[in-house]
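What follows is a short report on a single structure.
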Ligand SMILES: [Zn+2]
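Numbering (the numbering used here), first residue to last: 1267 to 1439.
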């Protein structure tokens, strides 16, 4: 995502702060959002909902994004919590496009916190769902395209442009 949009996310949501230094091990903090600009809106909405949910609960934000990227044409948003760092363990199934997660262990947290984390899981899952019909380039309504060199979610117009570009590169070679 272009730096202008990354900066907006960091400005609006302190938990989205990046930290591009050698010692940093968190992939999100090092590389930011590894996806197209068209998903800025849905990421921003997702962060807004997370932030609002904490405000409603009246507790400080302990949500930690660990990796945000495009995979098989849709969004993957991995995260953990300050007291429960989450790896980025997940299986991505190419055929169905589903992603199986190992949720952060909730054993040591109280009921209120569990409910909060359940709601956050739902918010993140909905953002990932939304990416399945949001053009990754421009943010308009899109569908998953499986006939390009890479699987991508694109609107009709970005899809056509992409096809033309592929045809042109074929003709040149
Ligand atoms: Zn588009």
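Where is the CB? At the ideal position from N, CA and C, for every residue including glycine.
Treat the numbers as computed from the prediction; the structure is a model and nothing was measured.
Taking the CA atoms as reference points, residue 1425 sits about 16 angstroms from residue 1301.
Following the DSSP letters along the chain, one finds residue 1341 inside the beta strand (DSSP E) bounded by residues 1340-1347. For residue 1275, the Cβ stays outside the 7 angstroms cut-off from all heavy atoms of ligand 1. Setting aside the 5 residues that flank it on each side, residue 1280 is surrounded in the same chain by 1327, each with a C-beta closer than 8 angstroms to its C-beta; the list follows chain order. In the DSSP assignment, residue 1420 forms a beta bridge with 1409.
By the neighbour-count criterion, in which a residue is buried when 16 or more other Cβ atoms sit within 10 angstroms of its Cβ, residue 1416 is exposed. Contact check between the segment 1313-1328 and the segment 1395-1402: fewer than three CB pairs, one atom from each, fall below 8 angstroms, which does not count as touching.
Beyond the five residues adjoining it in sequence on each side, residue 1421 comes within less than 7 angstroms, by CB distance, of 1401, 1404, 1406, 1407, 1408 in the same chain, given in chain order.
The secondary-structure analysis by DSSP pairs residue 1331 across a beta bridge with 1345. By the Cβ test, the segment 1288-1304 is in contact with the segment 1328-1337, since at least three Cβ pairs between them sit closer than 8 angstroms. Straight-line spacing of the CA atoms in residue 1290 and residue 1413 works out to 37 angstroms.
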